[in-house]
Amino acid sequence: MASSAYTFLSFIFFTIFLSFGSYKAEARRYSGISSMVSRGLFDSIFLHKDNIACPAKDFYTYSSFIQASRFFPQFGRTGSSIARKREVAAFLAQISHETTGGWATAPDGPFAWGLCFKEEVSPQSNYCDSSNTQWPCSPGKSYKGRGPIQLSWNYNYGPAGKALGFDGLNNPDIVSNNSLIAFKTALWFWMTAQKPKPSCHNVMIGKYKPAAADVKANRTAGYGLVTNIINGGLECGIPNDGRVSDRIGFFQRYATLFNVSTGSNLDCENQKPFS
Numbered sequence: 001m002a003s004s005a006y007t008f009l010s011f012i013f014f015t016i017f018l019s020f021g022s023y024k025a026e027a028r029r030y031s032g033i034s035s036m037v038s039r040g041l042f043d044s045i046f047l048h049k050d051n052i053a054c055p056a057k058d059f060y061t062y063s064s065f066i067q068a069s070r071f072f073p074q075f076g077r078t079g080s081s082i083a084r085k086r087e088v089a090a091f092l093a094q095i096s097h098e099t100t101g102g103w104a105t106a107p108d109g110p111f112a113w114g115l116c117f118k119e120e121v122s123p124q125s126n127y128c129d130s131s132n133t134q135w136p137c138s139p140g141k142s143y144k145g146r147g148p149i150q151l152s153w154n155y156n157y158g159p160a161g162k163a164l165g166f167d168g169l170n171n172p173d174i175v176s177n178n179s180l181i182a183f184k185t186a187l188w189f190w191m192t193a194q195k196p197k198p199s200c201h202n203v204m205i206g207k208y209k210p211a212a213a214d215v216k217a218n219r220t221a222g223y224g225l226v227t228n229i230i231n232g233g234l235e236c237g238i239p240n241d242g243r244v245s246d247r248i249g250f251f252q253r254y255a256t257l258f259n260v261s262t263g264s265n266l267d268c269e270n271q272k273p274f275s
């Protein structure tokens, strides 16, 4: 009996040990971005996001960013340490440009004012593509830019909502009313390929494989291609475009904070936009 009891207790302790080890491994998995982007780093990146002058004051929280990243476990967790840091820096740079409240002589410089806005100011339309029958617009709703990536158009709100569990077509305002959903939509856009566009994620981690049309259009891998994916129709193929330069400025500042290089092909002035 004593021997049997000892064997049984050993089995119990061994099972607990394995479970604890599994728990620690799971915890490491989901610590993910927080192990790379501490609260202190996040605050030093977004120095003025909670400035009283910013309409999004207190909206874009560190906690919401970290929680949202857990829904996309490959984000910032793929490839070498350099690739992971560079991707996160690139993502934060792009959302900073989309929501910037900075100006040339702003305190701490123009690239310290990301996440200042949570929705588009003075939209030119309601961004309804009525020809898109798969994601039909809801009467009276505007699909203007909202959230960190400034999600726009019914054909983005619809699939984003379906993927993330909210009604994007009938309740688009939730993207500018719920911080967690706002960050989720930005990461959804970043991680999701929309043919013929690759995902921003795959571009930044080196998994982009250009098709013949991409080669012809000079759509070369790098941060500039990410800009092309996000807003190439308005910004790419234009020499010295100020909007592209602003995106690059944010990326250069953040890459320095992450202690990583930016890589090559930062602009898209010689790229043709995606059709």
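According to UniProt numbering, the sequence shown is numbered sequentially starting from 1.
Where a beta carbon is used, it is the ideal one built from N, C-alpha and C, also for glycine.
Small disclaimer: the values here were computed from a predicted structure and weren't measured.
Excluding the 5 residues preceding and the 5 following residue 149 in the sequence, name in chain order all residues of the same chain whose CB lies nearer than 8 Å to its CB.
In the sequence shown, counting from the first residue as 1, residue 149 sits at position 149. If we look at residue 149 and ignore the five residues flanking it on each side, its Cβ neighbours are 94, 95, 98, 185, 186, 189, 190, 230.
Neighbourhood of residue 90 by C-beta, 7 Å cutoff - its chain only, sequence neighbours within 5 removed
Locating residue 90 in the sequence shown gives position 90, counting from the first residue. If we look at residue 90 and ignore the five residues flanking it on each side, its Cβ neighbours are 204, 223, 226, 251.
According to DSSP, which residues form a beta bridge with residue 151?
For this step, residue 151 is matched to residue 151 along the sequence shown. Residue pairing by DSSP places residue 151 opposite 146 in a beta bridge.
Return the CA-CA distance between residue 158 and residue 62, expressed in angstroms with no decimal places.
Residue numbering aside, residue 158 sits at position 158 when the sequence shown is read from its first letter. Residue numbering aside, residue 62 sits at position 62 when the sequence shown is read from its first letter. Looking at the two C-alpha atoms, the distance is approximately 26 Å.
Going by DSSP, what residue range makes up the alpha helix (DSSP H) through residue 213?
Here residue 213 is taken as the residue at index 213 of the sequence shown, counted from 1. Counting along the chain, the alpha helix (DSSP H) containing residue 213 begins and ends at 212–216.
Please report how far the alpha carbon of residue 162 lies from the alpha carbon of residue 58, in whole angstroms.
Against the sequence shown, residue 162 aligns to sequence position 162. Against the sequence shown, residue 58 aligns to sequence position 58. One C-alpha to the other measures close to 27 Å.
Check each candidate in 44, 134, 84, 70 and name the one with the smallest Cα separation from residue 168.
In the sequence shown, residue 168 corresponds to position 168, counting from 1. Among 44, 134, 84, 70, the Cα nearest to that of residue 168 is on 134.
Could you give the DSSP three-state label for residue 29: helix, strand or coil?
Walking along the sequence shown from the start, residue 29 turns up at place 29. At residue 29 the pLDDT is 42, less than 50, meaning the model places this residue with poor confidence and gives no usable figure here.
Are the CB atoms of residue 151 and residue 175 nearer to each other than 8 Å?
Counting from 1 along the sequence shown, the entry for residue 151 is found at position 151. Counting from 1 along the sequence shown, the entry for residue 175 is found at position 175. Yes, they are a contact pair.
Helix, strand or coil for residue 197, going by three-state DSSP, please let me know.
By one-based count along the sequence shown, residue 197 stands at place 197. For residue 197, the secondary structure class from DSSP, reduced to helix, strand or coil, is strand.
Give the straight-line distance between the Cα atoms of residue 82 and residue 261, rounded to the nearest whole angstrom.
For this step, residue 82 is matched to residue 82 along the sequence shown. For this step, residue 261 is matched to residue 261 along the sequence shown. Using only the alpha carbons, I get a separation of about 8 Å.
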